[in-house]
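Numbering (this note's numbering), first residue to last: -10 to 110. Following: one structure in structure tokens, then a few remarks.
As structure tokens, then:
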């Protein structure tokens, strides 16, 4: 289960730095500067920022439930994998502007967090 916590950290790193940098390459000077003003980023860049903000809302819950599963020796491995897949689909759908898929993957990831919590009870 620790591997899924690690993979989730990689997802957060990807969403926080790599994806926005790739989608905002035209503003490289801004990214290397003090960032006093927000640049005029592309639609996909702005979507990537919102997708990351959304990830930040559920990330602490996922980490707490995952660590509790490890400490209590309750196997949450499948649920952790499904949550990670749902979040990968979510960021893809969010950046690409596929609203129905984005909403569905968000709901699925939230339900999986609830299932993880129930498994710990």
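Beta carbons: idealized from backbone N, C-alpha and C, even for Gly.
What did DSSP end up calling residue i once you bin it into helix, strand or coil?
i	result
residue 43	helix
residue 65	coil
residue 32	helix
residue 110	coil
residue 96	helix
residue 104	helix
residue -10	coil
residue 129	Not covered by the structure: residue 129. The range shown for the chain is -10 to 110.
residue 86	coil
Could you give the C-beta distance for residue i and residue j, rounded to a whole number, given that I count them as a contact under 8 Å?
i	j	result
residue 109	residue 63	6 Å
residue 4	residue 80	6 Å
residue -9	residue 59	7 Å
Do residue i and the ligand FAD come close, with the Cβ less than 7 Å from some heavy atom?
i	result
residue 3	The ligand FAD is absent from the structure shown, which contains no ligands of any kind.
Buried or exposed: residue i, going by 16 or more other Cβ atoms within 10 Å of its Cβ?
i	result
residue 39	exposed
residue 55	buried
residue 101	buried
residue 44	buried
residue 49	exposed
Quick one: does residue i have its CB under 8 Å from some CB of chain B?
i	result
residue -5	No chain B appears in this structure, which consists of one protein chain only.
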